[in-house]
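J.: Residue numbers (numbering that gives the first Met the number 0): 0 to 323. My questions all concern the structure below.
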Amino acid sequence: MCGYRSFLGSVRLARMKVLVGVDGSSNSLATVTFVGRLLSVERDKLVLAYVSPPVPFLGDEQLDPGVAARAQGALSGAVFDEAVIRLPEAWQPRAERLELTGSPGASLLEAADERGVDLVAVGFRGTGLFERFLLGSVSRAVVHSARVPVLVVKTAGGHGSEKIAGTPDGTFRVLAAYDGSEFGERIAALVGQVSWPDGARGWVISVVPPMFVHHLPDWLQPIQRDADVQAMAEAWQKEYEQQLAQAVDDLQRFQTGLPEIFRATEAIVAQGNPGEQILGMITRQKIDLAVVGSRGQSAVERLLIGSTSARIVSEAPCSVLIAR
Numbered sequence: 000m001c002g003y004r005s006f007l008g009s010v011r012l013a014r015m016k017v018l019v020g021v022d023g024s025s026n027s028l029a030t031v032t033f034v035g036r037l038l039s040v041e042r043d044k045l046v047l048a049y050v051s052p053p054v055p056f057l058g059d060e061q062l063d064p065g066v067a068a069r070a071q072g073a074l075s076g077a078v079f080d081e082a083v084i085r086l087p088e089a090w091q092p093r094a095e096r097l098e099l100t101g102s103p104g105a106s107l108l109e110a111a112d113e114r115g116v117d118l119v120a121v122g123f124r125g126t127g128l129f130e131r132f133l134l135g136s137v138s139r140a141v142v143h144s145a146r147v148p149v150l151v152v153k154t155a156g157g158h159g160s161e162k163i164a165g166t167p168d169g170t171f172r173v174l175a176a177y178d179g180s181e182f183g184e185r186i187a188a189l190v191g192q193v194s195w196p197d198g199a200r201g202w203v204i205s206v207v208p209p210m211f212v213h214h215l216p217d218w219l220q221p222i223q224r225d226a227d228v229q230a231m232a233e234a235w236q237k238e239y240e241q242q243l244a245q246a247v248d249d250l251q252r253f254q255t256g257l258p259e260i261f262r263a264t265e266a267i268v269a270q271g272n273p274g275e276q277i278l279g280m281i282t283r284q285k286i287d288l289a290v291v292g293s294r295g296q297s298a299v300e301r302l303l304i305g306s307t308s309a310r311i312v313s314e315a316p317c318s319v320l321i322a323r
């Protein structure tokens with residue numbers, strides 16, 4: 000445990016290099032605002048990446064290259080200027096501007112690899128249930144294929160709105176979901192790198208699946224009166240209670256290795272479906288950011304993020320940080 004905490008302490012001193020995809024849309028601008036709240040201007044590095052659209056064709060002829068270059072330069076400059084003013088004032092002269100070409104999703108992923116960033120941030124509008132199930136193509140490509148953690152920033156409201164979904168007041172509220180695997184260390188390392196806003200509050204949750212997925216059918220109930228069956232049921236119950244107790248101990252150890260904002264609240268061990276329990280906690284606590292783990296390491300595995308993580312990304316009304 001001492002080595003684990005020493006490791007986390009060293010991580011918190013490391014610089015965080017973040018790549019944010021911007022395109023001038025309200026949700027990308029909200030992403031810039033969101034990320035600006037989580038970085039230290041003295042320690043971290045921020046890269047704003049814009050994928051310039053291809054040169055248009057006019058009939059059978061391509062636009063004059065000189066005219067096209069000036070137009071693209073003006074457009075990218077306007078997008079970057081609009082994004083930069085959404086940052087805290089101290090960040091505005093420090094944010095790097097990176098203009099890319101090609102497919103937006105592929106270009107962002109390639110830039111993330113080439114720049115060696117620690118986190119990629121993308122945004123999408125998730126105002127309704129149906130929309131929350133449909134990540135935009137760029138966000139989807141980054142979520143499923145990035146080699147590093149991904150922050151998906153969700154926005155709410157009507158057209159042109161840049162309100163960050165899930166923010167009821169000035170208190171920034173975070174939930175870290177722990178599943179008892181090696182991802183606990185990765186989640187702890189990631190949240191340890193973030194510069195949390197003053198007054199932020201954090202919660203931790205772990206979910207233990209129910210002992211029985213379904214209720215026993217009525218016709219099976221009499222069998223429970225058999226002595227052997229009853230003994231087996233009692234053994235199962237004891238084993239399950241031990242599993243719950245172990246989950247509590249594991250979650251408390253996980254909690255002690257997190258930044259201080261996570262240690263002031265009660266660690267929650269819930270029973271039931273992990274996705275449902277985490278989403279319920281997000282709703283009850285009005286969470287702004289949920290931190291979950293994704294098991295994908297290889298190219299194929301990254302295309303299939305865990306079912307619980309995928310559900311949280313799709314259905315949560317708040318932004319989601321995916322640890323890898």
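Cβ coordinates follow ideal geometry from the N, Cα and C atoms, glycine included. Given the structure is predicted, the values throughout are model-derived calculations rather than measurements.
Check whether the region 287-294 and the region 249-257 touch, using three or more Cβ-Cβ pairs below 8 Å as the test.
T.: no
J.: Under 8 Å Cβ to Cβ from A145, same chain only, skipping five residues before and after it: list those, please.
T.: Your numbering for residue 145 matches position 146 in the sequence shown. L108, A111, V119, R301, R323.
J.: Under the three-state reduction of DSSP, which class applies to A68: helix, strand or coil?
T.: Here the question's residue 68 lines up with position 69 in the sequence shown. Looking at A68 - three-state DSSP - the assignment turns out to be helix.
J.: Pairing CB atoms from the region 195-210 with CB atoms from the region 168-176, are three or more of them under 8 Å?
T.: Yes: at least three Cβ pairs fall under 8 Å.
J.: How is the alpha helix (DSSP H) around E109 delimited, first residue to last?
T.: Within the sequence shown, numbered from 1, the residue matching residue 109 stands at position 110. Counting along the chain, the alpha helix (DSSP H) containing E109 begins and ends at 103-114.
J.: Take Q71 and list the residues in its own chain whose beta-carbon comes closer than 6 Å to its own, dropping the five residues that flank it on each side.
T.: Position 72 of the sequence shown, counted from the start, is the residue given in the question as residue 71. The beta carbon of Q71 sits closer than 6 Å to the beta carbons of S51 from its chain, once the five residues preceding and following it are set aside; these are given in chain order.
J.: Between L278 and V207, what straight-line distance do the alpha-carbon atoms span, to the nearest angstrom?
T.: Walking along the sequence shown from the start, residue 278 turns up at place 279. Walking along the sequence shown from the start, residue 207 turns up at place 208. The straight-line gap from Cα to Cα measures roughly 15 Å.
J.: Closest to A140 by C-alpha separation, out of G122, V116, A105, E113, would be which residue?
T.: Translated into positions along the sequence shown, residue 140 becomes position 141. Answer by Cα proximity: A105.
J.: Locate the alpha helix (DSSP H) running through G20, then write down its first and last residues.
T.: Walking along the sequence shown from the start, residue 20 turns up at place 21. Judged by DSSP secondary structure, G20 falls outside any alpha helix (DSSP H) and instead within the beta strand (DSSP E) spanning 16-21.
J.: Thinking V21 and L86 are a contact (beta carbons under 8 Å), I'd like their distance in whole angstroms, please.
T.: Against the sequence shown, residue 21 aligns to sequence position 22. Against the sequence shown, residue 86 aligns to sequence position 87. Wrong, their Cβ atoms sit about 11 Å apart, outside the cutoff.
J.: Just the Cα atoms here: how many angstroms apart are L74 and S138?
T.: Within the sequence shown, residue 74 is the residue found at index 75, counting from 1. Within the sequence shown, residue 138 is the residue found at index 139, counting from 1. So the two alpha carbons sit approximately 22 Å from each other.
J.: Per DSSP, which one or two residues make a beta bridge with A322?
T.: What you label residue 322 is simply residue 323 of the sequence shown in a count that begins at 1. A322 is bridged to G292.
J.: Of the residues A82, G201, I311, which one's Cα is nearest the Cα of S24?
T.: Locating residue 24 in the sequence shown gives position 25, counting from the first residue. Taking only the C-alpha atoms, the option nearest S24 is A82.
J.: Kindly indicate which three-state DSSP category Q270 falls into: helix, strand or coil?
T.: What you label residue 270 is simply residue 271 of the sequence shown in a count that begins at 1. Three-state result, Q270: strand.
J.: Would you mind reading off the limits of the alpha helix (DSSP H) that contains S51?
T.: Position 52 of the sequence shown holds residue 51. Careful: S51 lies outside any alpha helix (DSSP H) and carries neither H nor E.
J.: Taking A77 as the reference, which of A266, L28, G183 has the closest Cα?
T.: If you number the sequence shown from 1, residue 77 lands on position 78. When each option's Cα is compared against that of A77, the closest is L28.
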